[in-house]
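Colleague: Numbers given in our numbering equal positions in the sequence shown, counted from 1, plus 1376.
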Amino acid sequence: MRLTDLPLRQPAYVDLIDWSALSPSEGQRLREFGLCEGASVEALHRGGIFGRGPIACKVGRMTIAMRRSHAAAVTVRTGPDSLDQDRAA
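(1) Cβ atoms of L1411 and V1435: under 8 Å apart, would you say?
(2) Using a 10 Å radius around the Cβ and a threshold of 16 neighbouring Cβ atoms, would you call T1380 buried or exposed?
(3) Report the residue ranges of all beta strand (DSSP E) runs contained in full by the segment 1395-1459; include only those spanning at least 3 residues, in chain order.
(4) Indicate the three-state DSSP secondary structure (helix, strand or coil) for L1382 in the structure shown.
(5) Please look up how many angstroms separate the CB atoms of L1382 and A1419, rounded, as I've assumed it's under 8 Å.
(6) Skipping 5 residues on each side, what residues in its chain have a beta carbon closer than 6 Å to that of W1395?
(7) Looking at R1444 and P1500, is the spacing between their C-beta atoms short of 8 Å?
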């Protein structure tokens, strides 16, 4: 599931990021915020009309706002498989 489709307040883990969909500077900025494969994420708020604007996300312990197009490049996983990531850490 894409980060853009993740229900609000549902914990998940980043499964894959399509870095080719982002410019080098955008990718670097997201990495600096801790957004990488295996990171814990949670969608907190969708801005704009009908949720088409920026998305506020919790990445680890930090809250960031990101463009919807950037969030669409992030694939997340939820459910029992994502809990295994917690136990492994």
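For glycine and all other residues, C-beta sits at the position ideal for the given N, C-alpha and C.
Modeller: Taking the geometry as given:
(1) Yes, these two residues count as a Cβ contact at 8 Å.
(2) T1380 is classed as buried because its beta carbon has at least 16 other beta carbons within 10 Å across all chains shown.
(3) With a minimum length of 3 residues, the continuous beta strand (DSSP E) runs that stay inside the segment 1395-1459 are 1416-1422, 1431-1435, 1438-1442, 1450-1453.
(4) Residue state for L1382 is assigned as coil, using DSSP reduced to three classes.
(5) Confirmed, about 5 Å.
(6) Within the same chain, W1395 has close Cβ partners G1403.
(7) Outside the modelled stretch of the chain, which goes from 1377 to 1465, sits residue 1500, for which no answer is possible.
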